[in-house]
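Chains as they are written, first to last, in my numbering: chain A, 18 to 269; chain B, 23 to 242. All residues carry an ideal CB built from backbone N, CA and C; glycine is no exception. Heads up, the thing below is written out as structure tokens.
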């Protein structure tokens, strides 16, 4: 019930901030209305990074504590992170077309870094689906998630350098829009949008986590059912040592 | 122990030559196709040569590392290996060293092939080019051994290995291409050392990450 209220609040906050950013805040002098894309764009990019951080930390906690709830958190982080990152890239392209004149700008290090980030975690999600056993899947996914997280700073650094040694400054990069001289009304709107998106992020994370737990419970139920069916077929053979799921897990 | 595993892989490779011959042939075909895709203007091919060199090495490297791990799936050899009472890091190091040997042969031969096919003067900057190939080979072997270990027991390993490995290798590709370009053009901006440092940093971090996590793979 509380989660549902949170969902409604998040939806209302995003709707309110959409109205503010579209109609209340004045348009940017140089970029015009296109600049309004920046508010949801920056907010979702930040949350994408946050999600992947959550996935890496949850992976480490799984390896350490061996509690499948951490794996559910890791899955939620990766999936929601991919969604927010894809949304950030899409928003950036919609902004880039009128302002830069192109959808894709190889000179912008953030764009290329974020695209690689998306590829890393789409790979992570695809990889997860290939292992059926929950504990094995959690371990393998945790390792892949940790190495992906280790790779992110190197990617960022190398791409930044690649451009830096290559050519001059990028026109209209996000860092220039967020400079300290930016009018307070823009900064305030961005922070408001970030707060609204974060509420939505928390809601989605909770829901995805709950769903992952339900899926895990179902997997477990199916496993027990198969075990019982196997026992029913050969009742004599298995009576001396009835195998519980715990003992099969331990035997592995 | 690490050396013993590497020696075993090298020996199996020398006797069977499954990995080297097929991956070399694959790299040659990739170079040929690049020539068709971008040619026949030889100036343009020479300008693109560093990128083509490293794409060929990376693509062929995927095949090489996956072959080295497939060796272990026969007769559950990897499970046997995991039962040996040695540090898991040693197993990773051994597999990575075996991969490095293959990658070095591959890298040097592809470098020579690029010099011949795309009319690039390799002899003029041999030392920095060799250094770049060695650093690149270490990185590909480190990352490749890790991901080959992650995917070797999956049904869809042929797809998953490049899918997971290529985005992670992006910084290496970038640094290696830049270092090669700098070496070939006589390093007019003095950036060669920075790119080599980037490669060293990548290698160190990835070897450490692989060695630290590989053990958990063998346990599951």
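Counting only beta-carbon separations shorter than 9 Å, does residue i have a partner in chain A?
| i | result |
| --- | --- |
| residue 188 of chain B | yes |
| residue 125 of chain B | no |
| residue 231 of chain B | yes |
| residue 166 of chain B | no |
| residue 62 of chain B | no |
| residue 177 of chain B | yes |
| residue 173 of chain B | yes |
| residue 153 of chain B | no |
| residue 103 of chain B | no |
| residue 193 of chain B | yes |
| residue 27 of chain B | no |
| residue 200 of chain B | yes |
| residue 109 of chain B | no |
| residue 162 of chain B | no |
| residue 114 of chain B | no |
| residue 223 of chain B | yes |
With DSSP as the reference, label residue i as helix, strand or coil.
| i | result |
| --- | --- |
| residue 190 of chain A | For residue 190 of chain A, the predicted model reports a pLDDT of 48, less than 50, meaning its position is unreliable; a value from the coordinates is still stated below. Coil, per DSSP. |
| residue 61 of chain B | coil |
| residue 125 of chain A | coil |
| residue 184 of chain A | Interpretation of residue 184 of chain A is limited by its pLDDT of 40, a score under 50 that renders its predicted location unreliable; no figure is taken from the coordinates. |
| residue 70 of chain A | helix |
| residue 45 of chain A | strand |
| residue 212 of chain B | coil |
| residue 200 of chain A | coil |
| residue 80 of chain A | helix |
| residue 106 of chain B | coil |
| residue 270 of chain A | The structure shown does not extend to residue 270 of chain A, since chain A is modelled only from 18 to 269, so the question has no answer here. |
| residue 120 of chain A | coil |
| residue 142 of chain A | helix |
| residue 176 of chain B | coil |
Taking only beta-carbon atoms, is residue i less than 9 Å away from chain B?
| i | result |
| --- | --- |
| residue 182 of chain A | With a pLDDT of 48 at residue 182 of chain A, under the threshold of 50, the modelled position of that residue is not reliable, and the figure given next carries that caveat. Output row for residue 182 of chain A: interface = yes. |
| residue 163 of chain A | yes |
| residue 106 of chain A | no |
| residue 136 of chain A | yes |
| residue 125 of chain A | no |
| residue 99 of chain A | no |
| residue 112 of chain A | no |
| residue 141 of chain A | yes |
| residue 74 of chain A | no |
Rounding to the nearest angstrom, what Cα-Cα distance links residue i and residue j in this structure?
| i | j | result |
| --- | --- | --- |
| residue 236 of chain A | residue 107 of chain A | 35 Å |
| residue 150 of chain A | residue 99 of chain A | 24 Å |
| residue 103 of chain A | residue 110 of chain A | 11 Å |
| residue 134 of chain B | residue 77 of chain A | 43 Å |
| residue 139 of chain A | residue 233 of chain B | 24 Å |
| residue 106 of chain B | residue 113 of chain B | 9 Å |
| residue 62 of chain A | residue 222 of chain B | 30 Å |
| residue 68 of chain B | residue 82 of chain B | 21 Å |
| residue 219 of chain A | residue 23 of chain A | 9 Å |
| residue 69 of chain A | residue 144 of chain B | 42 Å |
| residue 160 of chain B | residue 118 of chain B | 8 Å |
| residue 137 of chain B | residue 79 of chain B | 14 Å |
| residue 286 of chain A | residue 130 of chain B | Chain A is shown from 18 up to 269; residue 286 of chain A falls before or after that span and cannot be answered. |
| residue 121 of chain A | residue 234 of chain A | 43 Å |
| residue 162 of chain A | residue 148 of chain A | 15 Å |
| residue 238 of chain B | residue 73 of chain A | 16 Å |
| residue 136 of chain A | residue 249 of chain A | 46 Å |
| residue 288 of chain A | residue 172 of chain B | Residue 288 of chain A cannot be examined here, being either before or after the span of chain A that is shown, 18 to 269. |
| residue 152 of chain B | residue 187 of chain B | 24 Å |
| residue 179 of chain B | residue 90 of chain B | 13 Å |
| residue 35 of chain A | residue 105 of chain A | 16 Å |
| residue 33 of chain B | residue 89 of chain A | 44 Å |
| residue 103 of chain B | residue 29 of chain B | 14 Å |
Going by other Cβ atoms of all chains shown within 10 Å of its Cβ, with 16 needed for buried, is residue i buried or exposed?
| i | result |
| --- | --- |
| residue 235 of chain B | buried |
| residue 232 of chain A | exposed |
| residue 168 of chain B | buried |
| residue 44 of chain A | exposed |
| residue 179 of chain A | buried |
| residue 125 of chain B | buried |
| residue 162 of chain B | buried |
| residue 184 of chain A | Any reading at residue 184 of chain A must be qualified, since the residue scores a pLDDT of 40, below 50, and its modelled position is unreliable; no value is offered. |
| residue 86 of chain B | buried |
| residue 227 of chain A | exposed |
| residue 83 of chain A | exposed |
| residue 160 of chain A | buried |
Identify the continuous alpha helix (DSSP H) that holds residue i and give its terminal residues.
| i | result |
| --- | --- |
| residue 90 of chain A | 85-117 |
| residue 144 of chain B | First-last for residue 144 of chain B: undefined, no H or E at that position. |
| residue 9 of chain B | Residue 9 of chain B lies beyond the residue range present for chain B, which begins at 23 and ends at 242; the question has no answer from this structure. |
| residue 170 of chain B | 148-173 |
| residue 23 of chain A | 19-36 |
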